[in-house]
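Worksheet for the structure shown next.
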Amino acid sequence: MAEPDHLILRPIPNLSVGDMPSAFPFDYIEPAKNKEALHRWFPPEKGPINKIEPIGNSPVIIHKNLLRRLAPLWHNVTLEMKADEAADKAFGWVLEMYGYATSAALLGIQHTLHRMWMIQPPWDTEPGDSYLIHYTYGCDFDLNGKITPGVVGPWHFDKRDFNTAPPRNLSLPPQGAAPSVFRLVSMINDATWSIPDWRAGAP
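Positions 324 to 526 (this note's numbering) are the ones given, in order, by the sequence shown.
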């Protein structure tokens, strides 16, 4: 499973092990920190809270038979979490990720966790040996290539600025900025020039 804000850097091998699926460990999925909000779905009798892995539904490599078992529960748990005021407030934009991780734990499905799955610019500065770029964060730099966290910089890229097709030739970040951000913007520019009749602003 992948998402629209994933760019493939190199061929992805089968990172699963037998029937054990593979996932990426997210620093911002924190089951222990949200133990109270998760109590309704994962009470103490289900086991320690760390049985819920710090993962989401993407990127994931999973056997189809496991996904058939997991998908209905994931769907129902996610809708229940969204309807629960405390859970919705606690989980926000990563709610469906908590729904996936919680449902997997309830079914006893464990994942092999691989940091090499992907990078998340600008915080991961080098592509390294990763397979994907996940462009979830805004990227802001001053004209000397220094990151300006939390402040829109003179050079700025954020997917949230584009509700329609972006223009060709997005400006590259200034010299000194993270190589991962150069790679991200270069790949987007390569793609828009490679697609015939690309129309900026198209829905």
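Note that CB positions come from ideal geometry on N, CA and C, so glycine has one too.
Asked	Found
Look up Leu-332 in the DSSP assignment and say whether it is helix, strand or coil.	coil
Beta carbon of Ala-500, beta carbon of Pro-450: below 9 Å?	no
Under 9 Å between the Cβ atoms of Ala-409 and Glu-353?	no
Touching or not, the segment 358-378 and the segment 426-443, by the rule of three or more beta carbon pairs under 8 Å?	yes
Could you please give me the residues that DSSP links to Trp-478 through a beta bridge?	Phe-464
Using 9 Å as the threshold, is the C-beta distance between Ala-558 and Ile-378 below it?	Any answer about residue 558 is impossible in this case: the structure gives the chain only from 324 up to 526.
Determine which residues share a DSSP beta bridge with Leu-436 and list them.	Ala-346
Over what stretch of residues does the alpha helix (DSSP H) that includes Leu-507 continue unbroken?	502-517
Please give the ranges of any alpha helix (DSSP H) in the segment 357-442, keeping only runs that are unbroken, at least 4 residues long and fully inside the region.	358-361, 387-406, 408-414, 418-429
Can you tell me whether Asn-492 is buried or exposed? The criterion is at least 16 other CB atoms within 10 Å of its CB, across all chains shown.	exposed
Report back the beta-carbon spacing between Ala-315 and Trp-516 to the nearest angstrom; my notes put them in contact at under 8 Å.	With the chain represented from 324 up to 526, any question about residue 315 goes unanswered, as that position is not in the structure.
Got a sec? Which residues, its chain only, sit under 7 Å from Met-343 by beta carbon, not counting five neighbours each side?	Gln-433, His-434, Thr-435
Does the Cβ-Cβ distance between Met-439 and Asp-452 come in under 9 Å?	yes
Can you pull the DSSP bridge partners for Phe-338?	In the sequence under discussion, the amino acid at residue 338 is Leu, which differs from the Phe named in the question. According to DSSP, which records beta bridges pairwise, Leu-338 is partnered with nothing at all.
Using 10 angstroms around the beta-carbon of Tyr-458, count the other beta-carbons present and answer buried if the total reaches 16, otherwise exposed.	buried
Closer than 8 Å is the cut-off here; do at least three beta carbon pairs connect the segment 466-475 with the segment 383-390?	no
From which residue to which residue does the beta strand (DSSP E) around Ile-470 run?	Where Ile-470 is concerned, there is no enclosing beta strand (DSSP E), given that its DSSP letter is neither H nor E.
Can you give the beta carbon distance from His-479 to Asp-463, rounded, assuming they're within the 8 Å contact cut?	5 Å
Relative to the C-alpha of Pro-395, which residue among Gln-443, Ile-456, Lys-412, Gly-422 is closest?	Gly-422
Rounded to whole angstroms, how far is the Cβ of His-556 from the Cβ of Leu-495, which I believe are closer than 8 Å?	For residue 556 there is no data in the structure shown, the boundaries of the chain being 324 and 526.
Answer yes or no: do Ser-345 and Asn-337 have a C-beta to C-beta separation smaller than 9 Å?	yes
Does the Cβ-Cβ distance between Met-441 and Asn-380 come in under 9 Å?	no
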